[in-house]
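Report on the following structure.
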Ligand code: GRF
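Residue numbers (this note's numbering): 4 to 220.
Encoded structure:
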């Protein structure tokens with residue numbers, strides 16, 4: 004296989020899907036504002052929750068954001084709402100979809116609409132601890148390290164090819180909250196980094212190795 008890396012001319016348009024606090028979204032906005040993240044434009048932020056703090060963050064920063072009704076299911080996006088999410092992202096010319104604390108599983112139709120152009124940030128060292136309550140499970144298992152992963156999204160929940168990971172040590176007196184806070188700091192670093200790599204055309208799904216890049220400070 005030949006993997007060509009092309010130069011970048013225009014800004015890459017991203018769509019960010021959120022459900023709550025929005026700290027990862029805020030990290031992306033900050034990185035763009037401070038010029039650390041270049042040639043990237045947030046075309047639209049979509050929240051499945053009207054009350055999401057992420058929507059306030061957008062308002063404060065002049066970022067285009069909407070609430071879009073996610074429909075009848077609590078944990079997945081399927082059917083008509085799924086179609087509406089796809090259409091909205093397409094309408095805004097989104098080239099990369101970033102799931103940043105979007106608390107819903109996306110299904111085949113959505114995945115096919117943006118095949119290999121959807122990424123997610125997950126607070127564990129995948130493939131370990133996919134799903135919810137990661138920090139509790141890490142502590143229960145007496146793991147010595149944990150961290151976060153940015154990965155491609157496919158039909159398997161938190162199971163797509165991993166792109167970048169950052170590790171943190173688990174401390175003896177860690178609680179789920181203290182561990183989560185240290186990992187979150189790393190999330191805010193690796194998510195903008197991976198987005199930059201997409202904008203630079205440095206990531207091609209087929210050419211990307213099976214092992215993630217390990218982020219070190
Ligand atoms: C983060 O821990 C992320 O890894 C997980 O959901 C949380 C979202 O946090 N997927 P925020 O909304 O970005 O503050």
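Built from N, CA and C at the ideal position, the CB exists for glycine as well.
Note that this is a predicted model, so its numbers are computed, not measured.
Continuous alpha helix (DSSP H) stretch holding residue 61: start and end: Locating residue 61 in the chain shown gives position 58, where the first residue counts as 1. For residue 61, the enclosing alpha helix (DSSP H) stretches over residues 56-64.
For residue 219, I'd like the list of residues in its chain whose CB is within less than 6 Å of its CB, leaving aside the five on either flank, ordered along the chain. Here residue 219 corresponds to residue number 216 of the chain shown, with the count starting at 1. Same-chain partners within the cutoff: there are none.
Terminal residues of the alpha helix (DSSP H) in which residue 136 lies: As a working note, residue 136 is residue 133 in the chain shown. First-last for residue 136: undefined, no H or E at that position.
So, at 8 Å on beta carbons, what are the nonlocal neighbours of residue 80 in its own chain, with the 5 sequence-adjacent residues on each side left out? The count along the chain shown starts at 1 and reaches residue 80 at position 77. Only 51, 73, 74, 88, 107, 108, 109, 110, 113 meet the Cβ criterion.
Could you have a look at residue 10 and say whether DSSP puts it in helix, strand or coil? Position 7 of the chain shown, counting from 1, holds the residue named residue 10. For residue 10, the predicted structure reports a pLDDT of 48, less than 50, and the residue's modelled location is therefore unreliable. A value from the coordinates is still provided. Correct three-state label for residue 10: coil.
Using only the heavy atoms of the ligand GRF, determine whether one of them is closer than 7 Å to the beta carbon of residue 103. Walking along the chain shown from the start, residue 103 turns up at place 100. At least one heavy atom of the ligand GRF sits closer than 7 Å to the Cβ of residue 103.
As assigned by DSSP and simplified to three states, the class of residue 112: As a first step, residue 112 must be located in the chain shown, where it is residue number 109. Of the three classes helix, strand and coil, the one that applies to residue 112 here is helix, per DSSP.
Let me confirm a value: residue 189 is counted as buried when at least 16 other C-beta atoms fall within 10 Å, else exposed. Which label applies? Against the chain shown, residue 189 aligns to sequence position 186. In the assembly as shown, residue 189 is a buried residue. Its beta-carbon has 16 or more other beta-carbons within 10 Å.
Just confirm the distance between the C-beta atoms of residue 164 and residue 211, as a whole number of angstroms; I'd bet it's less than 8 Å. The residue labelled residue 164 in the question sits at position 161 within the chain shown. The residue labelled residue 211 in the question sits at position 208 within the chain shown. Confirmed, about 6 Å.
What's the call for residue 92, buried or exposed, on a 16-neighbour Cβ count within 10 Å? In the chain shown, residue 92 corresponds to position 89, counting from 1. Of the other Cβ atoms in all chains shown, 16 or more fall within 10 Å of the Cβ of residue 92; this residue is therefore buried.
Quick check: does the Cβ of residue 26 come within less than 7 Å of any heavy atom belonging to the ligand GRF? Indexing the chain shown from 1 puts residue 26 at position 23. Yes; taking the cut-off as 7 Å, the Cβ of residue 26 has a heavy atom of the ligand GRF nearer than that.
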